[in-house]
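Engineer: What follows is a single structure, and I will ask about it in a moment.
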Amino acid sequence: MDVRKTVEPPRPGAAEPALTTGALARRLGVSPTTLRSWDRRYGIGPAARTDGRHRRWTPEDVTTLETMCRLTASGVPPAEAARAARERAYPAAQRRPPKTPHAPGGPAGLPAPAADGTPSPGDARQEGRGLARAAVRLDAVALDERLETALARHGLVVAWQQVMAPTLHAVGRKWASSGDRYVEVEHLLSWHVSTALRRHTRHPMAAAGATGAGPVLLACVPGEQHTLPLEALNAALGRLDVPARMFGAAVPAEALLAAVRRLGPVAVVLWAQARSTASLPLAEHVTAMEWGVKGARARPLMLLGGPGWSGRPARGMLRPASLSEALDILAVTYRAAPPAEPS
Numbered sequence: 101m102d103v104r105k106t107v108e109p110p111r112p113g114a115a116e117p118a119l120t121t122g123a124l125a126r127r128l129g130v131s132p133t134t135l136r137s138w139d140r141r142y143g144i145g146p147a148a149r150t151d152g153r154h155r156r157w158t159p160e161d162v163t164t165l166e167t168m169c170r171l172t173a174s175g176v177p178p179a180e181a182a183r184a185a186r187e188r189a190y191p192a193a194q195r196r197p198p199k200t201p202h203a204p205g206g207p208a209g210l211p212a213p214a215a216d217g218t219p220s221p222g223d224a225r226q227e228g229r230g231l232a233r234a235a236v237r238l239d240a241v242a243l244d245e246r247l248e249t250a251l252a253r254h255g256l257v258v259a260w261q262q263v264m265a266p267t268l269h270a271v272g273r274k275w276a277s278s279g280d281r282y283v284e285v286e287h288l289l290s291w292h293v294s295t296a297l298r299r300h301t302r303h304p305m306a307a308a309g310a311t312g313a314g315p316v317l318l319a320c321v322p323g324e325q326h327t328l329p330l331e332a333l334n335a336a337l338g339r340l341d342v343p344a345r346m347f348g349a350a351v352p353a354e355a356l357l358a359a360v361r362r363l364g365p366v367a368v369v370l371w372a373q374a375r376s377t378a379s380l381p382l383a384e385h386v387t388a389m390e391w392g393v394k395g396a397r398a399r400p401l402m403l404l405g406g407p408g409w410s411g412r413p414a415r416g417m418l419r420p421a422s423l424s425e426a427l428d429i430l431a432v433t434y435r436a437a438p439p440a441e442p443s
């Protein structure tokens, strides 16, 4: 594509030409809608506009947006990321204030979140207790309402890490310590968390500016049934416009290897909840797989997720400690990867 058609001629005193919203979106690997939303909600907008009110992004604006993208990719809530990006880009004396198009308070009448969008430990515990009580009552309506409230108030990553996952662990511990009681509670809660995550999952289109790299492959090892962490990762990757293929629970080794050969994934995430299911030989075999033309062979980056891998050697493989860390690794890896050429 001829980039000269998408930029303005350099202005006096400008080191680089100003970019249109479409050109900047392609450069950053996000959608134009995302840039317009950040401008409207958080004041992360262009310093100048044309007479026709079209946005034109200066090099300083681009630097701010690159910081915003890097922070959100690592799991920082958008409001906090926007504030940090503005503070890094502008000295305090000339900082542009964020836009405030809405009245105080969150969406749909929700209380306004903290300045960084993250609940305090007390708030998170209170939300988790409310979610657990709804599960113990087997109240499906309340479960859906509380899950949607958490997602709307905090965003997917924070809602998963600070509300959903801790509540699931607490209910699981209750079941384990009560002589197999509360099994129905755990199953109902898991089902509604899964439903909420899938409701908030979108599959990115092959947008302009996409790298052409293979997708991220998500799978549980053979014999492993715990899929919720991968479902959360799948949903969060979609929000970053990183394509993924979710294969779910207990993927047979032969099927996993066939999928890797067919897709040429930029990365593979293998989840193991228990040490009894974590198969290091399988992970090593996938990591060693290659594709592409001679002299430019590619291999997938391997991420090992779940407590089942604890204490195992993982040479050449990564073990992210949280959803945020996994997102950061996968977003950077995908955007830097060459086009896939699966065998």
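Just so you know, the sequence shown maps onto residues 101 to 443 in our numbering.
Glycine included, each C-beta is placed from N, C-alpha and C at the ideal position.
(1) Rounded C-beta distance between A185 and W157? I'm assuming under 8 Å.
(2) Quick check: what's the CA-CA separation for A181 versus A350?
(3) Would you call Q226 buried or exposed, if buried means 16 or more other Cβ atoms sit within 10 Å of its Cβ?
(4) Candidates P400, A358 and S424: which alpha carbon is nearest A436's?
(5) Which same chain residues end up closer than 7 Å to V293 when comparing Cβ atoms and leaving out the 5 residues on each side of it in sequence?
(6) From A426 to A235, what distance separates their C-alpha atoms?
(7) Between W138, P159, P146 and K274, which lies nearest to M168 when the distance is taken from Cα to Cα?
(8) Do the stretch 365-383 and the stretch 406-419 meet, that is, are 3 or more Cβ pairs less than 8 Å apart?
(9) Residues in the same chain with beta-carbon distance under 6 Å from P266, minus the five sequence neighbours each way, listed in chain order, please.
(10) Determine the contact status of P315 and G255, defining contact as a CB-CB distance below 8 Å.
(11) Looking at the structure shown, is R136 part of a helix, part of a strand, or coil, going by DSSP?
(12) Can you find the residues in the same chain that come closer than 7 Å, C-beta to C-beta, to L423, ignoring five residues on each side of it along the sequence?
(13) CB L403 to CB A367, shorter than 8 Å?
(14) Could you say which of E384, C320, A240 and R253 lies nearest to W291 if we only look at CA atoms?
(15) What residues in its chain sit with their C-beta under 6 Å from that of V369, if we drop five residues either side in the sequence?
(16) Mind checking L430: buried by the 16 CB within 10 Å criterion, or exposed?
(17) CB-CB under 7 Å to P132, same chain, minus the five flanking residues each way: which ones, in chain order?
(18) Should V321 and A372 be called a contact, given that it needs their Cβ atoms to be closer than 8 Å?
(19) Going by CA-CA distance only, name the one from P407, R362, L356 and E284 that's closest to H385.
(20) Taking the alpha carbon of V283 as the reference point, which residue from L238, T301 and W391 has its own alpha carbon closest?
(21) Let me make sure I understand the geometry here. Which of W391, E324 and R345 has the alpha-carbon closest to that of W409?
(22) A367 by DSSP, collapsed to three states: which one?
(23) State the Cα-Cα distance for the pair P352 and T249, rounded to the nearest angstrom.
(24) Just checking my contact of A242 with V271 at CB under 8 Å: how many whole Å lie between their CB atoms?
(25) Leaving out five residues on either side along the sequence, give the residues of the same chain with a beta carbon under 6 Å from the beta carbon of R375.
(26) Decide if A388 is buried, meaning its Cβ has at least 16 other Cβ atoms within 10 Å, or exposed.
(27) To the nearest angstrom, how far is it from the Cα of V432 to the Cα of L128?
(28) May I ask you to list the residues that DSSP assigns as paired with A398?
(29) Between the alpha carbons of V285 and Y434, how many angstroms are there, rounded?
(30) Span of the beta strand (DSSP E) holding A316?
(31) Please classify G205 as buried or exposed, where buried requires at least 16 other C-beta atoms within 10 Å of its C-beta.
(32) So P365 packs on P304, CB below 8 Å; how close in whole Å?
(33) So L165 and I144 are supposed to be a Cβ contact under 8 Å. How far apart are they, rounded?
(34) Can you tell me the Cα-Cα spacing of E160 and R141, whole angstroms?
(35) State the DSSP-derived secondary structure class of G122, mapped to helix, strand or coil.
Structural biologist: Once the coordinates are examined:
(1) Translated into the one-based positions of the sequence shown, residue 185 becomes position 85. Translated into the one-based positions of the sequence shown, residue 157 becomes position 57. Contact between A185 and W157 is ruled out by a C-beta separation of about 13 Å, above the 8 Å threshold.
(2) Numbered from its first residue, the sequence shown carries residue 181 at position 81. Numbered from its first residue, the sequence shown carries residue 350 at position 250. Each residue's CA atom was taken as its position, placing A181 and A350 some 37 Å apart.
(3) For this step, residue 226 is matched to residue 126 along the sequence shown. When all chains shown are included, Q226 counts as exposed.
(4) For the purposes of this step, residue 436 is taken as residue 336 along the sequence shown, with counting starting at 1. From the listed residues P400, A358 and S424, the smallest Cα separation to A436 is found for P400.
(5) As a first step, residue 293 is located in the sequence shown; it is residue number 193 there, counting from the start. Closer than 7 Å at Cβ, skipping near neighbours: L247, M264, L268 and L328.
(6) Taking the sequence shown and counting its residues from 1, the one referred to as residue 426 is at position 326. Taking the sequence shown and counting its residues from 1, the one referred to as residue 235 is at position 135. Each residue's Cα considered, the two are about 29 Å apart.
(7) Counting from one through the sequence shown, the residue named residue 168 turns up at place 68. Minimum Cα-Cα distance from M168 among the listed residues W138, P159, P146 and K274 corresponds to W138.
(8) By the Cβ criterion, the stretch 365-383 is in contact with the stretch 406-419, since at least three pairs of Cβ atoms, one from each stretch, lie closer than 8 Å.
(9) The sequence position of residue 266 within the sequence shown is 166, counting from 1. Excluding sequence neighbours, P266 sits near G228.
(10) Position 215 of the sequence shown, counted from the start, is the residue given in the question as residue 315. Position 155 of the sequence shown, counted from the start, is the residue given in the question as residue 255. The Cβ atoms of P315 and G255 lie no closer than 8 Å to each other.
(11) The residue given as residue 136 occupies position 36 in the sequence shown. Helix at R136.
(12) To locate residue 423, count along the sequence shown from 1; it is residue 323. Excluding positions up to five away in sequence, the list reads G175, V257, W260, Q261, A332, L333 and A336.
(13) Counting from one through the sequence shown, the residue named residue 403 turns up at place 303. Counting from one through the sequence shown, the residue named residue 367 turns up at place 267. In contact: L403 and A367 (Cβ atoms closer than 8 Å).
(14) The residue labelled residue 291 in the question sits at position 191 within the sequence shown. Of the listed residues, the one whose Cα sits closest to W291 is A240.
(15) Counting from one through the sequence shown, the residue named residue 369 turns up at place 269. Here the set comprises L318, L403 and G405.
(16) Position 330 of the sequence shown, counted from the first residue, corresponds to residue 430. Buried.
(17) Here residue 132 refers to the residue found at position 32 of the sequence shown. The beta carbon of P132 lies closer than 7 Å to those of T121, G122 and A125 in the same chain, with the five residues before and after it left out.
(18) Mapped onto the sequence shown, residue 321 falls at position 221. Mapped onto the sequence shown, residue 372 falls at position 272. Yes.
(19) Within the sequence shown, residue 385 is the residue found at index 285, counting from 1. For H385, the closest C-alpha among the options P407, R362, L356 and E284 is that of L356.
(20) Locating residue 283 in the sequence shown gives position 183, counting from the first residue. Comparing Cα-Cα distances from V283 to each of L238, T301 and W391, the minimum goes to L238.
(21) The residue labelled residue 409 in the question sits at position 309 within the sequence shown. The option with the nearest alpha carbon to W409 is E324.
(22) Position 267 of the sequence shown, counted from the first residue, corresponds to residue 367. DSSP, read as helix, strand or coil, puts A367 in strand.
(23) The sequence position of residue 352 within the sequence shown is 252, counting from 1. The sequence position of residue 249 within the sequence shown is 149, counting from 1. A direct Cα-to-Cα measurement between P352 and T249 gives close to 37 Å.
(24) Looking up residue 242 in the sequence shown gives position 142. Looking up residue 271 in the sequence shown gives position 171. Contact between A242 and V271 is ruled out by a C-beta separation of about 15 Å, above the 8 Å threshold.
(25) In the sequence shown, the residue the question calls residue 375 occupies position 275. Correct list, in chain order: G408.
(26) In the sequence shown, counting from the first residue as 1, residue 388 sits at position 288. Of the residues assessed, A388 falls on the exposed side of the cut-off, its CB having fewer than 16 other CB atoms within 10 angstroms.
(27) By 1-based counting over the sequence shown, the position of residue 432 is 332. By 1-based counting over the sequence shown, the position of residue 128 is 28. Taking the straight line from one Cα to the other gives about 11 Å.
(28) Looking up residue 398 in the sequence shown gives position 298. BP columns for A398 point to W391.
(29) Reading the sequence shown from its first residue, position 185 is the one you call residue 285. Reading the sequence shown from its first residue, position 334 is the one you call residue 434. If you take the alpha carbons of V285 and Y434, they lie about 38 Å apart.
(30) On the sequence shown, position 216 is the one that residue 316 refers to. The residue you asked about is not Ala; residue 316 is Val in the sequence shown. V316 to C320 is the extent of the beta strand (DSSP E) around V316.
(31) In the sequence shown, residue 205 corresponds to position 105, counting from 1. Any reading at G205 must be qualified, since the residue scores a pLDDT of 35, below 50, and its modelled position is unreliable; the value itself is stated next. G205 comes out exposed.
(32) Residue mapping note: residue 365 aligns to position 265 of the sequence shown, counting from 1. Residue mapping note: residue 304 aligns to position 204 of the sequence shown, counting from 1. The C-beta distance from P365 to P304 rounds to 15 Å, too long to meet the 8 Å contact threshold.
(33) In the sequence shown, residue 165 corresponds to position 65, counting from 1. In the sequence shown, residue 144 corresponds to position 44, counting from 1. The beta-carbon distance between L165 and I144, rounded to whole angstroms, is 7 Å. This is short enough to meet the 8 Å contact definition.
(34) If you number the sequence shown from 1, residue 160 lands on position 60. If you number the sequence shown from 1, residue 141 lands on position 41. Rounded to whole angstroms, E160 and R141 show a C-alpha spacing of 19 Å.
(35) Walking along the sequence shown from the start, residue 122 turns up at place 22. Note: G122 maps to helix in three-state DSSP.
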